[in-house]
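Step one of this worksheet: look at the structure below.
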Amino acid sequence: DLKGKRVFTFPTAGRFLSQFGVVPVTLPWEDIEVAVQTGELDGIAWSGITEDYTVGWADVTNYFLTNNISGAWAGSFFANMERWNELPEDLQTLFRVCCDQSHYYRQWWYWGGEANLRVNGTKMELTSIPDEEWSQVENAAVAFWDEVAAEGPVQAKVVDIFRKYNADMQKAGRPYRYG
Numbered sequence: 020d021l022k023g024k025r026v027f028t029f030p031t032a033g034r035f036l037s038q039f040g041v042v043p044v045t046l047p048w049e050d051i052e053v054a055v056q057t058g059e060l061d062g063i064a065w066s067g068i069t070e071d072y073t074v075g076w077a078d079v080t081n082y083f084l085t086n087n088i089s090g091a092w093a094g095s096f097f098a099n100m101e102r103w104n105e106l107p108e109d110l111q112t113l114f115r116v117c118c119d120q121s122h123y124y125r126q127w128w129y130w131g132g133e134a135n136l137r138v139n140g141t142k143m144e145l146t147s148i149p150d151e152e153w154s155q156v157e158n159a160a161v162a163f164w165d166e167v168a169a170e171g172p173v174q175a176k177v178v179d180i181f182r183k184y185n186a187d188m189q190k191a192g193r194p195y196r197y198g
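Residue numbers for the sequence shown follow our numbering, beginning at 20 and rising by one.
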């Protein structure tokens with residue numbers, strides 16, 4: 020079903036989805052809505068339904084696939100450690116508190132919006148790939164993350180965090196994981 024489909028996605032997802040025939044496309048964020056309207060893109064694999072409604076993608080797409088290839092909000096910041104260490108401790112603390120508050124707001128906005136829009140949203144029809152078929156994608160993800168982890172120690176550390184998160188969600192069961 021995905022062979023040859025041109026999909027806007029983030030680079031790691033594009034790398035993963037290409038094994039299923041997806042053609043990953045990178046475009047400026049502000050061009051995505053028009054690219055879907057003109058047929059330059061067949062789909063978007065980037066966001067939850069909250070973002071789709073917020074940025075206008077729900078206005079140009081008919082369906083929302085409920086199967087999730089990521090499942091986690093990963094807000095990050097990167098800093099040159101030498102410059103970071105030059106900051107006074109109070110500014111480092113202030114920055115960390117602001118990041119924490121941003122993550123909290125994002126979680127509230129995102130998950131509150133997800134539930135509401137899945138139930139009350141009128142622009143997109145929810146659709147899902149059956150569990151039996153989706154398990155093939157999830158199994159392929161295990162092999163994919165093994166490849167990424169083998170690329171170096173930093174990648175391995177990040178992949179270990181993903182693995183722990185996914186294992187926790189699997190143990191937690193529905194609604195956190197559908198496996």
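Ideal placement from N, C-alpha and C gives every residue a C-beta, glycine not left out.
query	result
Which residues does DSSP pair with valine 26 in a beta bridge?	Pro43 and Gly62
With the cut-off set at 8 Å, would you say phenylalanine 35 and alanine 186 are in Cβ contact?	no
Does the count of Cβ pairs from the region 163–171 and the region 95–109 closer than 8 Å reach three?	no
Strictly by DSSP, which residues pair up with phenylalanine 35?	Paired residue(s): none; phenylalanine 35 is not in a bridge.
So which of Gln120, Thr80 and Tyr184 has the shortest CA-CA distance to threonine 141?	Thr80
Just to check my reading of the structure: threonine 69 and leucine 136 have Cβ atoms closer than 8 Å, yes? What is that Cβ distance to the nearest angstrom?	6 Å
If we count Cβ pairs, one from each stretch, closer than 8 Å, do we get three or more for the region 48–64 versus the region 116–132?	no
Relative to the C-alpha of threonine 57, which candidate in Arg25, Asp71 and Ser37 has its C-alpha closest?	Arg25
Taking the alpha-carbon positions, what's the valine 116 to tryptophan 128 distance?	18 Å
Report all residues from its chain with a CB closer than 6 Å to the CB of glycine 75; omit the five preceding and five following residues, and keep chain order.	Glu52
Specify the secondary structure class of phenylalanine 83 as computed by DSSP and reduced to three states.	strand
Leaving out five residues before and five after valine 42 in sequence, what residues of the same chain have Cβ atoms less than 8 Å from its Cβ?	Gly23, Lys24, Arg25 and Val26
Considering only their Cβ atoms, is the gap separating glutamate 133 from glycine 192 smaller than 8 Å?	no
Nearest to alanine 32 by CA position, among Asp20, Leu46, Val55 and Trp65, is which residue?	Trp65
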